[in-house]
Structure formats: structure tokens, C-alpha cells
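First up is the structure itself, then whatever we jot down about it.
Right, dumping it as C-alpha cells:
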């Protein structure tokens, strides 16, 4: 059983925001959310996207066809090295465990779960597990995403886990589902807009 730990520090500049860090044997990794896709004029539709680049990770892109500060699961498209990756979750389920995101890549089946709203997440497949915990950064400023990989974790596993760190996965929780329903009834903006 192989295990490694890593920290992804939040960064921001004029063009983009995201996380960056050294991920064990996979080298330096960076997620990028372009700021130009965030701030659209009122009433103008746009999209938001996040991309992942790393020394030993495949180029991964998550694009959401709805305008939001962070990409959401609604109308989202995931691709690894240009190949579309299908994913889905049970929108009608009540418990968080039942609402987990299912992802299919080649012959692998993944399960991405929110363990604690905006705090703890996990990506699992047979023989591999990657857990994330958002907490105070080791630098003392802001929060970071701390990850732990166990088992036969490879570059595809890490790419999927890290890209979803930047996606709004509130819909995978029962609280998020309830909030979305209320917001839809009253036509309120979501908390990430």
C-alpha cells in the first residue's frame, strides 16, 4: 500500500486564480480559473472553466456552460487530454453518500463524495483513494487543500481529484440540494454567484 501527502496552496493574480503545489512523485501541479470568465456583465451569459496542468499529469479541463464564479456540476463538461469524460450523480437522493458523483474513464469507475460541506472530499476507485481536507494553510495565510493519496494512485486519479477541488460540488450534499430548490423557487442567486 503506497501513501503520500501534499498541499495545494491558493494563489491569485490579475489573470487567474487557483491552487498550486508539489504532489508527491507527480511533480508540480497548477489549477487555473481565468478571471475573465468570472465577471460578465449583468444579464450576459458566459461560462466558467478550470484547467489542470502538471509535470506528470494529463491536461484536464472542466467547463461549465452556465455563468458562475466557480464552475458547477450543472451543464458541466469534463475532458482529459481532449477526451470527454462522462459523469453523473443522483439528484433525487437525500443522503450525501447517495448523491456521490460517478465518473467513468476507460475501464475505471470512480466515486467522488463530499464528506463535509466545503471541507472534506474523497475520490475512490478500486485500489486507490484520494482524500482532500480544506484547512488553514501551512504558510499561515488563508486556506489550502491538503490531499492524501493511498493505494495504486496514478496520474488520472490525481487529475480527477484535483480538478473537482475547484468545482462547486455543493449539489452533491443534501443541504446543497435543499438550498438549490429554495433558490429556484424564489429565483435567488446561488451562494457562489
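Numbering (the numbering used here), first residue to last: 6 to 198.
Positions of the beta carbon are idealized from the N, C-alpha and C atoms, including for glycine.
Within 10 angstroms of the Cβ of residue 121, are there 16 or more other Cβ atoms? Answer buried if so, exposed if not. exposed
Does DSSP put residue 143 in a helix, a strand or coil? coil
Counting C-beta neighbours from all protein chains within 10 Å, is the total for residue 168 16 or more, i.e. buried, or is it exposed? buried
Using the three-state DSSP reduction, which class does residue 137 fall into: helix, strand or coil? Strand.
Can you name the start and end residues of the beta strand (DSSP E) that residue 154 belongs to? 148 to 156
Let me check understanding here. Comparing Cα to Cα, which of 40, 39, 63 and 156 lies closest to residue 33? 63
Measure the beta-carbon distance from residue 154 to residue 26 and round it to whole angstroms, keeping in mind my assumption that it falls under 8 Å. In fact, because the Cβ distance is near 13 Å, the residues do not count as touching under 8 Å.
Could you tell me whether the Cβ atoms of residue 57 and residue 172 are closer together than 8 Å? Result no, Cβ atoms of residue 57 and residue 172 do not sit closer than 8 Å.
Within the same chain, show all residues whose beta-carbon is closer than 7 Å to that of residue 91, passing over the 5 residues directly before and after it, in chain order. 109
So, at 8 Å on beta carbons, what are the nonlocal neighbours of residue 101 in its own chain, with the 5 sequence-adjacent residues on each side left out? Same-chain partners within the cutoff: 118, 119, 120, 177, 178 and 179.
Leaving out the 5 sequence neighbours to the left and right, which residues in its chain are closer than 8 Å to residue 31 when beta-carbon positions are compared? 59, 60, 61, 62, 160 and 163
Hey, residue 81 and residue 67: beta-carbon distance below 8 Å or not? Yes, they are a contact pair.
Could you give the residue range of the beta strand (DSSP E) that holds residue 7? Counting along the chain, residue 7 falls outside any beta strand (DSSP E), and DSSP gives it neither H nor E.
I'd like to know if residue 81 contacts chain D, where contact means its C-beta is closer than 8 Å to some C-beta of that chain. Reference to chain D is not applicable here, since this structure consists of a single protein chain.
For residue 83 and residue 70, the rounded distance between their alpha carbons: So the two alpha carbons sit approximately 11 Å from each other.
Would you list the residues sitting across from residue 20 in a DSSP beta bridge? Per DSSP, none; premise fails for residue 20.
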